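Under my numbering, the first residue of the sequence shown is numbered 97, with each subsequent residue one higher. For glycine and all other residues, C-beta sits at the position ideal for the given N, C-alpha and C. Here the structure is a predicted model, which means the values were calculated and not measured.
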Amino acid sequence: MYKNKKVLLIAPAYNEARKIEEVAKKVPYDVVDTFLVVSDGSTDDTAEAAEAEGARVLRHEKRMGVGMSIRDGYKIAREEGFDIAVVIAGNNKDDPREITRLLDPICDDDCDFVMGSRYLDGGRFGGDMPTYRVFATKYVHPFIVNLFCKRGVTESSNGYRALKVSVLEDPRVNLEQKWLKDYQLEMYILMRILMLDFKCTEVPVSKIYPPREIGNTKMTPIVGWWKMVYPIVLVGLGLRK
Numbered sequence: 097m098y099k100n101k102k103v104l105l106i107a108p109a110y111n112e113a114r115k116i117e118e119v120a121k122k123v124p125y126d127v128v129d130t131f132l133v134v135s136d137g138s139t140d141d142t143a144e145a146a147e148a149e150g151a152r153v154l155r156h157e158k159r160m161g162v163g164m165s166i167r168d169g170y171k172i173a174r175e176e177g178f179d180i181a182v183v184i185a186g187n188n189k190d191d192p193r194e195i196t197r198l199l200d201p202i203c204d205d206d207c208d209f210v211m212g213s214r215y216l217d218g219g220r221f222g223g224d225m226p227t228y229r230v231f232a233t234k235y236v237h238p239f240i241v242n243l244f245c246k247r248g249v250t251e252s253s254n255g256y257r258a259l260k261v262s263v264l265e266d267p268r269v270n271l272e273q274k275w276l277k278d279y280q281l282e283m284y285i286l287m288r289i290l291m292l293d294f295k296c297t298e299v300p301v302s303k304i305y306p307p308r309e310i311g312n313t314k315m316t317p318i319v320g321w322w323k324m325v326y327p328i329v330l331v332g333l334g335l336r337k
């Protein structure tokens, strides 16, 4: 419990045995009620490494995509009476110890949705972060989102986010659509929340890329980023709801 709110922390993970262990070690269990790792068809020891550090594990028999992993985590949040669901990277880029930064606006200011941003004052980024990602995450993605939403977000692609579970009960936020199986889901949620009457804000967080020798990101530069761009346009134009 955190400020009388039941908190679920969700980490999608695909073949992240070495990294998910480090994530789990940093989870503040005085704040987080359950740390849920969704092992998305992993063929390594991701599930076992997470369980060894106290995480609850949901296993997908085959790889279904990060969107499906997040959706299944949200389903558990709804079914088991959690008040807040937080999504964090399973590859140790985010810091679980910063989770209260995302929780406080919900608990204290009644926000519905909180986005982490490495580009706000107090945020930081580093490690083996490719230069093209700096350009894309700092300039390209926020520009496209702000073009449609007029919200002035500083970062739209950061996956470290928190929301009230009650948001998931709103029929205007429909996560059951078949096209939301991968990175599309994250951008869909962001766009629907920004374009509807939900209260949201950004908070500074860290995004530190681990050394490449212990595993590269699973997102491909072209296909992966396209999956994050076209949902912005479709939802922004009202072609998908």
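To the nearest angstrom, how far is it from the Cα of Arg197 to the Cα of Thr316?
29 Å
Under 8 Å: do the region 180 to 187 and the region 251 to 259 share three or more Cβ pairs, one atom per stretch?
yes
Taking the alpha-carbon positions, what's the Glu265 to Gly320 distance?
28 Å
If you draw a straight line from the C-alpha of Tyr98 to the C-alpha of Val128, how long is it?
7 Å
Do you know offhand how far Asp208's Cα is from Arg174's?
15 Å
In terms of residues, what are the limits of the beta strand (DSSP E) holding Gly223?
Arg220 to Gly223
Return the bridge partner residues of Val135 from the DSSP annotation.
As written in the sequence, residue 135 is Ser, which differs from the Val given in the question. Ala109 and Arg155, per the DSSP bridge assignment.
Would you call Asn188 buried or exposed, if buried means 16 or more other Cβ atoms sit within 10 Å of its Cβ?
buried
Going straight from the alpha carbon of Leu271 to that of Leu154, what length do you get?
19 Å
Strand pairing of Met211, partner residues [DSSP]:
Arg257 and Glu298
Mark Ala148 as exposed unless 16 or more other C-beta atoms lie within 10 angstroms of its C-beta, in which case mark it buried.
exposed
Tell me, please, whether the region 241 to 253 touches the region 290 to 302 by the rule of three or more beta-carbon pairs shorter than 8 Å.
yes
Residues bridged to Tyr305 by DSSP?
Gly223
Reducing DSSP to helix, strand and coil, say where Lys102 ends up.
coil
Exposure of Val325, with buried meaning 16 or more beta-carbon neighbours within 10 Å:
buried
Consult DSSP for Ala185 and reduce its assignment to one of helix, strand or coil.
coil
Thr130 - partner residues in DSSP beta bridges
Leu104
Between the Cα of Lys122 and those of Asp200, Arg193, Tyr279 and Lys337, spot the shortest distance and give me the residue it belongs to.
Arg193
Assuming the contact rule is C-beta atoms closer than 8 Å, Gly222 and Ile304 should be a hit. Round their C-beta distance to whole Å, please.
5 Å
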